[in-house]
Amino acid sequence: MEYRQDCCFSRAQTTAMDVFQKLLFEAVEEPDSDKRKAILFGSHFTRAVRSVAYSSELSAQCFNCLKRCPIILKRIKRLK
80 MEYRQDCCFS
90 RAQTTAMDVF
100 QKLLFEAVEE
110 PDSDKRKAIL
120 FGSHFTRAVR
130 SVAYSSELSA
140 QCFNCLKRCP
150 IILKRIKRLK
């Protein structure tokens, strides 16, 4: 496995808790019931719910994004 920002970053932006909240707010604010159903039963909302339910909201399952995270790298340098 390798860290690929193009894949990991986009996954974090489409399957995190923030996306779930954004879609839920969008559905609640939608006045048209057909559009509301389309949002709630759509694949994007379903994927966001599944992501939150199974705690897979980390950027990627490989955790390589965490290995290269500047905050974690600073912490490791301090510990050495």
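First residue of the sequence shown: 80, per this note's numbering; consecutive thereafter.
We put the beta carbon where it would ideally sit given N, CA and C, even for glycine.
Predicted model only: the values in this text are computed from it and were never measured.
Pairs of beta-carbons, one from the region 149 to 158 and one from the region 122 to 136, closer than 8 angstroms: are there three or more? no
Please work out which residues of its chain come closer than 8 angstroms, Cβ to Cβ, to Phe-104, disregarding the five sequence neighbours upstream and downstream, and give them in chain order. Reading the sequence shown from its first residue, position 25 is the one you call residue 104. So the list is empty, once near-sequence residues are dropped.
Consult DSSP for Pro-149 and reduce its assignment to one of helix, strand or coil. Position 70 of the sequence shown, counted from the first residue, corresponds to residue 149. In the structure shown, Pro-149 sits in a helix (DSSP, three-state: H, G or I).
Host alpha helix (DSSP H) of Phe-99 (start-end): One-based indexing of the sequence shown puts residue 99 at position 20. 96 to 108 is the extent of the alpha helix (DSSP H) around Phe-99.
For the ligand FMN, is there any heavy atom lying closer than 7 angstroms to the beta carbon of Met-96? As far as ligands go, the structure on display features none, and thus does not contain the ligand FMN.
If you count every other CB in all the chains shown that lies within 10 Å of the CB of Val-107, and 16 or more means buried, which is it? Here residue 107 is taken as the residue at index 28 of the sequence shown, counted from 1. Exposed: under 16 other Cβ atoms inside 10 Å.
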